[in-house]
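For reference, the structure is listed below as structure tokens.
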Amino acid sequence: GAVVSQHPSRVICKSGTSVKIECRSLDFQATTMFWYRQFPKQSLMLMATSNEGSKATYEQGVEKDKFLINHASLTLSTLTVTSAHPEDSSFYICSAPGLLSYNEQFFGPGTRLTVL
Amino acid sequence: AQSVTQLDSQVPVFEEAPVELRCNYSSSVSVYLFWYVQYPNQGLQLLLKYLSGSTLVESINGFEAEFNKSQTSFHLRKPSVHISDTAEYFCAVSDGGSGGSNYKLTFGKGTLLTVNP
Numbered sequence: 022g023a024v025v026s027q028h029p030s031r032v033i034c035k036s037g038t039s040v041k042i043e044c045r046s047l048d049f050q051a052t053t054m055f056w057y058r059q060f061p062k063q064s065l066m067l068m069a070t071s072n073e074g075s076k077a078t079y080e081q082g083v084e085k086d087k088f089l090i091n092h093a094s095l096t097l098s099t100l101t102v103t104s105a106h107p108e109d110s111s112f113y114i115c116s117a118p119g120l121l122s123y124n125e126q127f128f129g130p131g132t133r134l135t136v137l
Numbered sequence: 009a010q011s012v013t014q015l016d017s018q019v020p021v022f023e024e025a026p027v028e029l030r031c032n033y034s035s036s037v038s039v040y041l042f043w044y045v046q047y048p049n050q051g052l053q054l055l056l057k058y059l060s061g062s063t064l065v066e067s068i069n070g071f072e073a074e075f076n077k078s079q080t081s082f083h084l085r086k087p088s089v090h091i092s093d094t095a096e097y098f099c100a101v102s103d104g105g106s107g108g109s110n111y112k113l114t115f116g117k118g119t120l121l122t123v124n125p
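Those protein sequences? They're chains A and B, same order as listed. As numbered in the numbering used here, residues 22 to 137 make up the first sequence, in order. As numbered in the numbering used here, residues 9 to 125 make up the second sequence, in order.
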């Protein structure tokens, strides 16, 4: 149980285009999901908290107009990187808290974004 | 505000040797502590956690960590490592939702454990 999937696993796009990344909780419902960004050989940095039925909460320094988050249902959150640039290339990981313990988060496998 | 410090960015060891990966945290409220492992190009997998109760927690693959409140530490140990333990290990802290943080995790910078034959 408590499996989180992400799609796509890898994506390469041209500069200026938009890319959508999906995060799904496969066997449980998640009213909250978290989006992280990880640069090579660095730690995970929380970008935003996705809330089902309401607006996402962004961390300081994260451009909400560039990183659009939509929590469409209790099992799906999407992150859209708009007008992507090479500096947006990174590993994006989502997570969702478990049902039994909100303190335990389950992570997706990540999406590697490369912007040319 | 919370922070996590992993003192060692890289730890090389030989197979079957013991290892300790250090983690210290700071927080103004009660904390919940986690160790996650990340293999190349993969997401994070929970290794073990401290939420409450016994301060010594163990994983199914031989790792253990001890919560030391006075030293604000949660060091990860294994008495005998295998080559398959080679991975990046992240220590993380959560305040359990107090102060309106919504259970978000704060991660350390990670420690790359490399087990050599």
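Even for Gly, the Cβ is constructed at its ideal location relative to N, Cα and C. Just so we're clear, the structure is a prediction, and the values are computed from it rather than from any experiment.
- For Leu97 (chain A) and Val83 (chain A), the gap between their C-alpha atoms comes out near 21 Å.
- Taking 8 Å as the CB threshold, Gln50 (chain A) stays off the interface with chain B.
- Tyr111 (chain B) has a beta carbon lying within less than 8 Å of a beta carbon in chain A.
- Look at the stretch 61 to 77 of chain A: the residues with a C-beta under 9 Å from a C-beta of chain B are Lys62, Gln63, Ser64, Leu65, Met66, Leu67, Thr70 and Asn72.
- In the same chain as Met66 (chain A), and ignoring 5 residues on each side of it, the C-beta atoms closer than 6 Å to its own belong to Arg58, in chain order.
- Of all alpha-carbon atoms in B:Ser78, B:Leu52, B:Tyr47 and B:Phe82, the one lying nearest the alpha-carbon of Leu64 (chain B) is that of B:Phe82.
- Straight across, the Cα-Cα distance linking Glu24 (chain B) with Pro61 (chain A) is about 29 Å.
- At a beta-carbon threshold of 8 Å, the residues of chain B lying near Arg133 (chain A) are Asn49, ordered along the chain.
- Out of B:Tyr111, B:Thr122 and B:Ala9, the CA that lies nearest to the CA of Thr78 (chain A) is found in B:Tyr111.
- When 7 Å is used as the limit between beta carbons, Gly129 (chain A) is near these residues of chain B: Gly51, in chain order.
- By the Cβ neighbour-count rule, Lys57 (chain B) is buried, with 16 or more other Cβ atoms within 10 Å of its own.
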